[in-house]
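I have placed the structure first, in the form of structure tokens, so that the comments after it can refer back to it.
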Amino acid sequence: MNNPTSMEKIKAYHSIKNFLDEEQQKQIAEMLKLTSLDIEKRLWGKDNEVEFILMIYLLQWCKNIVGFEEGIAKLTDTVASDLYIELISGEKIVVEIKSSEDSKYKISENIFNRKEEFAKKFNAKLYFAIKLAGYWTLYSSDYLKSQNRKITIEQDFSNSEFNKIFGDRTFIFPKGLKIISLYSKQATEHMGITNDNFGNLIKYRIEYLGRKILTVNSPKNDKYFMVFLYENLQDIMSNDKQTIYQIDSDRTMIEEEFTNEAMMNLSGFILSPIKHMMSELGHAYNFSEYLTNLIDSKEHFLTRQHILYALSYLAEYDYPIMEKRENEIYLFKDMII
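Numbering (this note's numbering), first residue to last: 16 to 352.
Take a look at the structure:
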């Protein structure tokens, strides 16, 4: 049986792959002798690690984040975890990051015990950040131990401490909200947002039960930036109901609407514009590239305050967003300080 590819090779490829075209990626992968498992599973795991780090940083509840070098730790046969974090509350935690396309996760007793020993050296509590079937969750080592070191989405999702520890928030959006986008292929004055099929965006409107909440038709409008803040809302809405009207040979109108209640997290809103850039730029841009730029410049265009402002704007116009905190549901408008 062949030995698994070293993590150093995985990390080296991961750090440069978005600077390469597909043929160059293939050549480097062959040079490093990466297997299909390395590319399809282990690199995917590294992508998820970066997504997690980016997400908790942008949620702004982490005062300090320190990463551990796995390759160096192996020199002394140390079973290290991924991150040491000091929260703004002063609490210190060690985080092990895991991801699976499946809906369940299990860790061996030996590795689990060694992870706990590692965290104790830093006088920190151990947590497991686990992405299962696309959903991020967070559990303490005590909770994992109580579940015999097994986690499933179906049984354990409601016991996740992600919101509590990292300041994420869960919102419930009632049905009846609608976003209307008008595109033109010929207009010379537009909003600088392009749809490959329908041209440039010339008008953006939000309604609730037929009542106008927001209209933007120019990048000079003082609410123009809010179009980007609502991207996650629009993405989820389009999966619920999307209707396309071909007005004439030039103009197309797209209506997206909540016909059912929808639940979304603050972190989803924060990451959505980055995911849109990834989709538009293809392999040349990903979470790693964004994180690298963030590290170099310390500047990011979207914060939790921006999103909370956008949601409070909807609430002020009597769109009754609800917020789920632990097992209770509150009117978001009542939670605004």
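Just so you know, even glycine gets a beta-carbon here, dropped at the ideal spot from N, CA and C.
With fewer than 16 neighbouring CB atoms inside 10 Å of its own CB, Arg340 falls in the exposed class.
One Cα belongs to His205, the other to Phe243, and the distance between them is close to 15 Å.
Here Ile168 carries a helix assignment [DSSP, helix/strand/coil]. Judged by DSSP in its simplified three-state form, Lys235 adopts coil rather than helix or strand. Looking at Tyr120, Tyr198 and Glu222, the one whose alpha-carbon comes closest to that of Asn215 is Tyr198. Three or more Cβ pairs drawn from the region 326-337 and the region 226-238 lie within less than 8 Å of each other, which places the two stretches in contact. About 13 Å separates the beta carbons of Asn254 and Ser287, which is beyond the 8 Å limit, so they are not a contact pair.
Under the Cβ criterion (8 Å, minimum of three pairs), the region 35-45 does not count as touching the region 68-81. In the DSSP annotation of this structure, Met278 is not part of any alpha helix (DSSP H); the continuous beta strand (DSSP E) holding it starts and ends at Ala277 to Asn280.
Ile289 counts as buried, since no fewer than 16 other beta carbons sit within 10 angstroms of its beta carbon. The C-alpha of Phe213 is placed about 28 Å away from the C-alpha of Phe188. Judged by DSSP in its simplified three-state form, Val242 adopts helix. The C-alpha of Asn280 lies about 39 Å from the C-alpha of Ser264.
In the assembly as shown, Lys136 is an exposed residue. Its beta-carbon has fewer than 16 other beta-carbons within 10 Å. By alpha-carbon distance to Ser196, the top candidate from Asp183, Thr203, Arg220 and Asp211 is Arg220. Here the alpha carbon of Lys78 sits roughly 16 Å from the alpha carbon of Phe67. When DSSP states are grouped into helix, strand and coil, Val65 belongs to the helix group. Judged by DSSP in its simplified three-state form, Leu141 adopts strand.
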